[in-house]
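Asks:
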Amino acid sequence: MSKSWRPYALHILDAIAKIRQIQARGNLAEDFVLYDAALRNLQTLSEATQQLPEELKASYPDIPWREIRGFRNILVHDYMGDIDPSTVSAVIEQHLPARELSVRSMLK
239 MSKSWRPYAL HILDAIAKIR QIQARGNLAE DFVLYDAALR NLQTLSEATQ QLPEELKASY
299 PDIPWREIRG FRNILVHDYM GDIDPSTVSA VIEQHLPARE LSVRSMLK
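Position one of the sequence shown corresponds to residue 239 (this note's numbering), numbered consecutively onward.
Here it is in structure tokens:
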């Protein structure tokens with residue numbers, strides 16, 4: 239397996255760290271600047287997951303890779319009717335911890 243995927247994995251971890259910093263500054267539902275910053279980092283994270291090798295992702299079948307790609311498409315193509323601060327907060331709270339653990343495991 240090529241090492242070229244590692245920078246993307248590190249980029250995912252960086253985006254997660256930034257999202258945590260954003261959350262620490264306030265409520266996404268009450269501050270549109272924080273909300274926009276969180277959206278941008280979720281987009282970055284989602285795009286980076288697409289650069290991970292398929293055989294590596296197959297080793298982590300518990301991660302919903304297709305849904306991550308779909309979420310990225312929603313973010314990038316600005317389907318704002320499909321997403322709101324409560325949805326973004328739920329994605330962050332419910333899904334990022336497991337993504338972080340999986341990516342850290344990949345890097346070991």
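C-beta: ideal position from N, C-alpha, C; glycine also.
Can you tell me whether THR287 is buried or exposed? The criterion is at least 16 other CB atoms within 10 Å of its CB, across all chains shown.
Replies: Here residue 287 refers to the residue found at position 49 when the sequence shown is read from its first residue. With 16 or more other Cβ atoms within 10 Å, it is buried.
Asks: Where does the unbroken alpha helix (DSSP H) through GLU293 begin, and where does it stop?
Replies: The residue labelled residue 293 in the question sits at position 55 within the sequence shown. Start and end: 292 to 296.
Asks: Can you list, in chain order, the residues of its chain whose CB lies under 7 angstroms from that of MET344, leaving out five sequence neighbours each side?
Replies: Here residue 344 is taken as the residue at index 106 of the sequence shown, counted from 1. So the qualifying residues of the chain are ALA247, LEU294.
Asks: Any contact of the region 261 to 278 with the region 322 to 329, i.e. 3+ C-beta pairs under 8 angstroms?
Replies: yes
Asks: Determine the closest residue to ASP252 out of SER284, ARG310, TRP303, ASP269, with distance taken between C-alpha atoms.
Replies: The sequence position of residue 252 within the sequence shown is 14, counting from 1. Comparing Cα positions, the closest option is SER284.
Asks: If I measure Cβ to Cβ from ILE260 and keep anything under 8 angstroms in the same chain, skipping five residues before and after, which residues do I get?
Replies: Within the sequence shown, numbered from 1, the residue matching residue 260 stands at position 22. Result list for ILE260: LEU266, LEU272, ALA275, ALA276, ASN279, in chain order.
Asks: Using a Cβ-Cβ cut-off of 7 angstroms (strictly less than) and excluding sequence neighbours within five positions of TYR298, which residues of its own chain qualify?
Replies: Position 60 of the sequence shown, counted from the start, is the residue given in the question as residue 298. Within the same chain, TYR298 has close Cβ partners SER340.
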